[in-house]
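This report concerns only the one structure given below.
Residue numbers (my numbering): 2 to 274.
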């Protein structure tokens, strides 16, 4: 998706090999990249010159998601993670412009498998999002919200607190922000709950590699976050959290991630003198 003339990657293929026969996946976590990029761009360069970007090299910004294997040579990486289910030989790039990665496991993978230089700048860019305007965290409207990984919808969709990760992004963000607690196997349900200060608990996914979850937690300087196989235990844990002292991200400073945002891709080129 283009954000002021620069491609900001998002993964959203159709759910069928033949185009137009099936809808797109529309997994909210995979659609957050352009949302965060647009927000940071507005904060940093509100007058970004789109016209100046038309002659720029065709490289894209990789941000939110376990989508490193979709990167091409010279793409800009800002907070992206490696997908633990994807083989090394499916990563076809040999050089990247890495500004930040999701966590230390992704950094180590890129250094060991691709020989890249990777700064120690960590964090999922979705952590920089704030609750949608109009959301009042003082008046939660949902006692419990359950958001599974996209590949585990069938397992949880009969639960009365179920929210599909395929709902529109704004709706999912509003729902998380209005919840007393959030439980699920969706990584970005947990990321956003923590960003919004909503007590949450991660259910261990039966279909996803643990790589991305560990990478995220370690990228925020946490190495012993409890995760759960049992749904009831996860809910009990989330409800036991004291909201008055809840600061899940207190060991992580967002400054480096924010400062590493590749705003230079949009900055107007310098005029020759």
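The beta-carbon is built from N, C-alpha and C at its ideal position, and this holds for glycine as well.
Which same chain residues, not among the five before or five after residue i, have their C-beta less than 6 Å away from its C-beta?
i	result
residue 83	69, 107 and 110
residue 105	219
residue 239	182, 184, 200, 201 and 202
residue 114	89
residue 206	150 and 186
residue 357	Outside the shown range of the chain, which is 2 to 274, sits residue 357, and nothing can be said about it.
residue 226	218
Taking the straight line between their C-alpha atoms, what separation do you get for residue i and residue j?
i	j	result
residue 233	residue 96	45 Å
residue 264	residue 46	7 Å
residue 229	residue 66	22 Å
residue 186	residue 9	25 Å
residue 32	residue 193	13 Å
residue 155	residue 163	10 Å
residue 200	residue 249	9 Å
residue 86	residue 216	14 Å
residue 152	residue 166	10 Å
residue 30	residue 76	21 Å
residue 191	residue 43	25 Å
residue 56	residue 6	For residue 56, the predicted structure reports a pLDDT of 49, less than 50, and the residue's modelled location is therefore unreliable. A value from the coordinates is still provided. For residue 56 and residue 6, the distance between alpha carbons rounds to 10 Å.
residue 74	residue 81	15 Å
residue 52	residue 212	Because the pLDDT of residue 52 is 46, which lies under 50, any placement of that residue in the model is unreliable, and the number read from its coordinates should be weighed accordingly. So the two alpha carbons sit approximately 40 Å from each other.
residue 210	residue 189	15 Å
residue 145	residue 157	13 Å
residue 116	residue 122	17 Å
residue 256	residue 26	33 Å
residue 94	residue 245	46 Å
residue 60	residue 266	10 Å
residue 28	residue 169	9 Å
residue 237	residue 268	48 Å
residue 242	residue 195	12 Å
Consult DSSP for residue i and reduce its assignment to one of helix, strand or coil.
i	result
residue 41	helix
residue 72	coil
residue 80	strand
residue 3	strand
residue 248	coil
residue 119	coil
residue 62	strand
residue 29	helix
Looking at the unbroken beta strand (DSSP E) that takes in residue i, where does it start and where does it end?
i	result
residue 181	180 to 185
residue 101	98 to 102
Beta-carbon within less than 7 Å of residue i's beta-carbon, same chain only, minus the 5 sequence neighbours each way: which residues are those?
i	result
residue 133	171, 174, 175 and 178
residue 252	221, 222 and 223
residue 38	4, 9, 62 and 64
residue 119	99, 102, 108, 111 and 112
residue 35	2, 4, 9 and 11
residue 91	70
residue 247	198 and 200
Output the boundary residues of the alpha helix (DSSP H) element that contains residue i.
i	result
residue 256	256 to 260
residue 115	105 to 115
residue 236	232 to 241
Please return the same chain residues whose Cβ sits closer than 8 Å to the Cβ of residue i, not counting the five positions on each side in sequence.
i	result
residue 204	149, 184, 185, 186, 228, 229, 230, 232 and 235
residue 259	41 and 129
residue 71	10, 12 and 63
residue 261	79, 100, 101, 120 and 122
residue 208	150, 152 and 153
Discussion item. In chain order, what are the residue ranges of uninterrupted beta strand (DSSP E) at least 3 long that sit wholly in the segment 123 to 162?
Written reply: You should have 143 to 147.
Fill in: alpha helix (DSSP H) segments (min. 4 residues) lying fully within the segment 161 to 226
DSSP runs (the alpha helix (DSSP H)) wholly in the segment 161 to 226: 170 to 178, 188 to 197 and 212 to 220.
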